[in-house]
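Engineer:
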Amino acid sequence: MTATLPQTPGPIGVFDSGYGGLTILHGIRQLLPQYDYVFLGDNARAPYGPRSFDVVYEFTRQAVRKLFEMGCNLVILGCNTASAKALRTIQQNDLPHWDPQRRILGVIRPTAEVIGQLTKNRHVGLLATEGTVRSGSYELEIRKFWPDIRVTGVACPFWVPLVEYNEADSPGADYFVKKRIDELMAKDDAIDTIILGCTHYPILLPKILKYTRPGIRIVPQGEYVANSLQDYFARHPEMELKCTKGASCHYLTTENPERFKEGAQIFLHEQAKVEHIDLE
Ligand code: DGL
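My numbering applies: residue -15 is where the sequence shown begins, and numbers increase by one.
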């Protein structure tokens, strides 16, 4: 039986398959610290990157539903793979039945909106998971705002596990980072701006910078997603009023909480209270 959804103001939900969404949460909380937040990581089933459309859709649907049941009126998918493969379908198929007053936002559109202001020569590179690159979502969204931009994408298998297993600083990570950046530049040597189209990748930033030609701009998403949310609230004050302001943050994981805390160390900027949650 499906639980009824609470009809009172509540925290902002932020979801990711694993830890990556914490980079988005951090960006949002830097700019909008006054709100309450619930972060949900589906660590037990991460990574989503190589999974099929149906599976990513079903897992994401379960997570969003759970966050709604916990009182969130607004959920941010802090995951490009879920934004690419599940966001639209949930918005169109599920939300109207669950509660048309609630909202789900993704991370691809805010990045697409600003990218035309960041690239000078209109050659943009995309580093992301296999699922995001294959979905063509970035090309589609960027074309809506900036039809003159050429987007070249390369999938980076292993980058998410390197981060999830705390190997981002290890010498072994250099091989995988260099390999994908070389592959991207071989496809379009004129690229002047690279989107980190996976919320895990900012953790690999030092190595990404090490293997990228000087002058190429690297674009992590946290700041842009945060700006876009602030702008969204300005345009939708009715939704802003549905978000409580107690400056708190709760962390939920489908994995063991102790394991989450250990793995999340590099992402977390505070002592976190973490609870286990089941999704189905
Ligand atoms: N952090 C997710 C993203 O932004 C991907 C991680 C995964 O593959 O589960 O795409």
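All residues carry an ideal CB built from backbone N, CA and C; glycine is no exception. All values reported here derive from a predicted model rather than from experimental measurement.
Just curious, the beta strand (DSSP E) that arginine 134 is in, first and last residue?
Structural biologist: 134 to 139
Engineer: Is isoleucine 261 helix, strand or coil when you go by DSSP?
Structural biologist: coil
Engineer: Any residues whose CB sits closer than 5 Å to a heavy atom of ligand 1? List them in chain order?
Structural biologist: Ser1, Gly4, Ala30, Pro31, Tyr32, Gly33, Cys63, Asn64, Thr65, Thr113, Val144, Cys182, Thr183 and His184
Engineer: In terms of residues, what are the limits of the beta strand (DSSP E) holding threonine 237?
Structural biologist: 233 to 237
Engineer: Count the other C-beta atoms from every protein chain shown that fall within 10 angstroms of the C-beta of glutamate 254, then say buried if there are 16 or more, exposed otherwise.
Structural biologist: exposed
Engineer: What is the residue span of the beta strand (DSSP E) that glycine 11 lies within?
Structural biologist: Secondary structure note for glycine 11: it is in no beta strand (DSSP E), and the uninterrupted alpha helix (DSSP H) holding it is 5 to 15.
Engineer: With glutamate 151 and alanine 30 assumed to form a contact (beta carbons below 8 Å), what rounded beta-carbon distance in angstroms separates them?
Structural biologist: Contact between glutamate 151 and alanine 30 is ruled out by a C-beta separation of about 15 Å, above the 8 Å threshold.
Engineer: For arginine 243, name the three-state secondary structure that DSSP assigns.
Structural biologist: The three-state secondary structure of arginine 243, taken from DSSP, is helix.
Engineer: Roughly how many whole angstroms lie between the Cα atoms of glutamine -9 and glycine 55?
Structural biologist: 8 Å
Engineer: Could you give the DSSP three-state label for threonine 44: helix, strand or coil?
Structural biologist: helix
Engineer: List, from N- to C-terminal side, the beta strand (DSSP E) runs of 3 residues or more that fit wholly inside the stretch 54 to 88.
Structural biologist: 58 to 61
Engineer: What did DSSP end up calling valine 22 once you bin it into helix, strand or coil?
Structural biologist: strand
Engineer: Indicate the three-state DSSP secondary structure (helix, strand or coil) for leucine 290 in the structure shown.
Structural biologist: Nothing about residue 290 can be read from this structure; the chain reaches only from -15 to 264.
Engineer: Look at the alpha carbon of threonine 237 and the alpha carbon of arginine 13, and state the distance between them as a whole number of angstroms.
Structural biologist: Spanning the alpha carbons of threonine 237 and arginine 13 requires a straight line of approximately 19 Å.
Engineer: From threonine 113 to leucine 188, what distance separates their C-alpha atoms?
Structural biologist: 14 Å
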